[in-house]
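For reference, the structure is listed below as C-alpha cells.
Residue numbers (our numbering): 1 to 251.
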C-alpha cells in the first residue's frame with residue numbers, strides 16, 4: 001500500500017468547546033484499495049504491527065500530515081494536527097529525531113503537532129513509553145493520551161507520564177446526556193485534568209446535547225460526527241470555510 005501510493009489521509013475537525021471554532025484536525029489514515037475500496041485503519045493496522053510494516057506507515061503518515069500542516073500554515077490557516085502513534089512505534093529509538101527533523105525542515109512550530117498514544121499502548125511497556133514520550137515532548141510537541149479511561153492506568157502512573165492532554169474515550173461521550181455514570185466519569189476526569197494542568201479532548205460527539213454537556217463541564221476540545229466525519233484535505237478546507245462562515249453569521 002505504501003509502495004503503490006494507495007494510502008490517503010483524512011482529517012477529522014477538532015473544535016474549541018467554548019467557542020465552537022475549528023482549531024485543527026486529527027489525521028486518520030485510509031487505504032484506498034483498487035479492489036476493495038476504502039479500508040479503515042482498524043482493518044489493516046493490527047496486521048501492519050505484526051509484520052513490522054507499521055514503522056513505514058507511521059513515517060508516511062507523519063510526512064503527509066506535516067506536509068498538509070505546512071500548506072495550511074502557508075495559506076494563513078493556523079491549525080494544529082494530531083497524529084496517532086502505536087505501541088510498536090514507541091519502540092523505535094529514532095522516532096523522536098525523525099519527527100523533529102520533519103517539523104524543522106518545514107519550519108513548523110512543534111507545539112502545533114500533537115502525538116496521540118492510546119492508554120493501552122502506554123501501559124504495554126510504561127517505562128519505555130515514558131522514555132520515548134519524554135524525548136518527543138522535550139522537542140516541544142504535545143503528547144495526548146488517547147481513549148483515556150479504557151486502559152487501566154493508575155493515578156500514580158498518570159502522574160509520571162510526560163503528557164499535555166487527556167482524550168476522553170467516545171464510550172463515555174455517546175450517552176452523556178442520559179447516563180449518570182458517564183457524567184460522573186467525565187466530570188471527575190475533567191476535574192483531574194484541570195488539577196494536573198492538562199487540556200482535555202472529547203471524541204465521539206454525536207449531538208448538540210453532548211456539546212452542551214461538555215461546555216457545562218469545562219472540556220476544552222471536541223470532535224465527532226455531529227460536526228463532521230473525517231474528510232480529505234480539500235473537503236476539510238471547504239467544510240471549515242462553510243462552518244466558520246456559519247459560526248460568524250450566528251454571532
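For glycine and all other residues, C-beta sits at the position ideal for the given N, C-alpha and C.
Quantities reported herein were computed from a predicted structural model and do not represent experimental measurements.
Quick one: grab the DSSP three-state call for residue i.
i           : result
residue 186 : helix
residue 11  : strand
residue 242 : helix
residue 51  : helix
residue 267 : As displayed, the chain neither begins before 1 nor continues past 251, which places residue 267 out of reach and without an answer.
residue 18  : coil
residue 6   : coil
Within its chain, find whatever has a CB closer than 8 Å to the CB of residue i; leave out the 5 residues flanking it on each side and keep chain order.
i           : result
residue 219 : 17, 168, 186, 190, 200, 201 and 202
residue 148 : 119, 166, 167, 168, 169 and 189
residue 108 : 66, 69, 70 and 73
residue 227 : 13, 15, 205 and 243
residue 196 : 158 and 159
residue 208 : 226
Identify the continuous alpha helix (DSSP H) that holds residue i and give its terminal residues.
i           : result
residue 264 : Look at the range of the chain in this structure, 1 to 251, and you will see that residue 264 is not part of it.
For residue i, collect the residues of the same chain with a Cβ closer than 7 Å to its Cβ; drop the 5 residues on either side in sequence, then sort them by chain order.
i           : result
residue 106 : 66 and 70
residue 162 : 130, 133, 134, 137 and 143
residue 10  : 28, 30, 230, 231 and 232
residue 103 : 66, 110 and 113
residue 63  : 102
residue 176 : 182, 183, 186, 210 and 213
residue 198 : 163, 164, 165 and 166
residue 172 : 149, 182, 185 and 186
Got a sec, what are the start and stop residues for the beta strand (DSSP E) residue i sits in?
i           : result
residue 202 : 199-202
residue 37  : 37-39
Apart from the five residues on each side of it in sequence, which residues of its chain come closer than 6 Å, Cβ to Cβ, to residue i?
i           : result
residue 58  : 89
residue 100 : 139
residue 193 : 166 and 200
residue 22  : 13, 15 and 240
residue 96  : 135 and 136
residue 259 : Because residue 259 is not part of the residues shown, which for the chain are 1 to 251, the question remains open.
Less than 7 Å between the CB of residue i and some heavy atom of the ligand SAM, yes or no?
i           : result
residue 199 : Looking for the ligand SAM in the displayed structure turns up nothing, as the structure carries no ligands at all.
Item to check | Length-filtered (3 minimum) beta strand (DSSP E) runs lying within the region 130-183 | outcome: Counting only runs of 3 or more, we get 142-148 and 165-168.
Next on the checklist: Going residue by residue through the region 55-135, where are the continuous alpha helix (DSSP H) segments of at least 4 residues, counting only ones entirely within it?
Outcome noted: With a minimum length of 4 residues, the continuous alpha helix (DSSP H) runs that stay inside the region 55-135 are 95-105 and 119-124.
Item to check | the region 122-138 contacting the region 87-96, beta-carbon criterion three pairs below 8 Å | outcome: These segments touch.
Checklist entry - Are the region 20-32 and the region 68-85 in contact at 8 Å, needing three or more beta carbon pairs? => result Yes: at least three Cβ pairs fall under 8 Å.
Next on the checklist: Between the region 44-56 and the region 206-217, can you find at least three pairs of beta-carbon atoms closer than 8 Å?
Outcome noted: Not touching, per the Cβ criterion.
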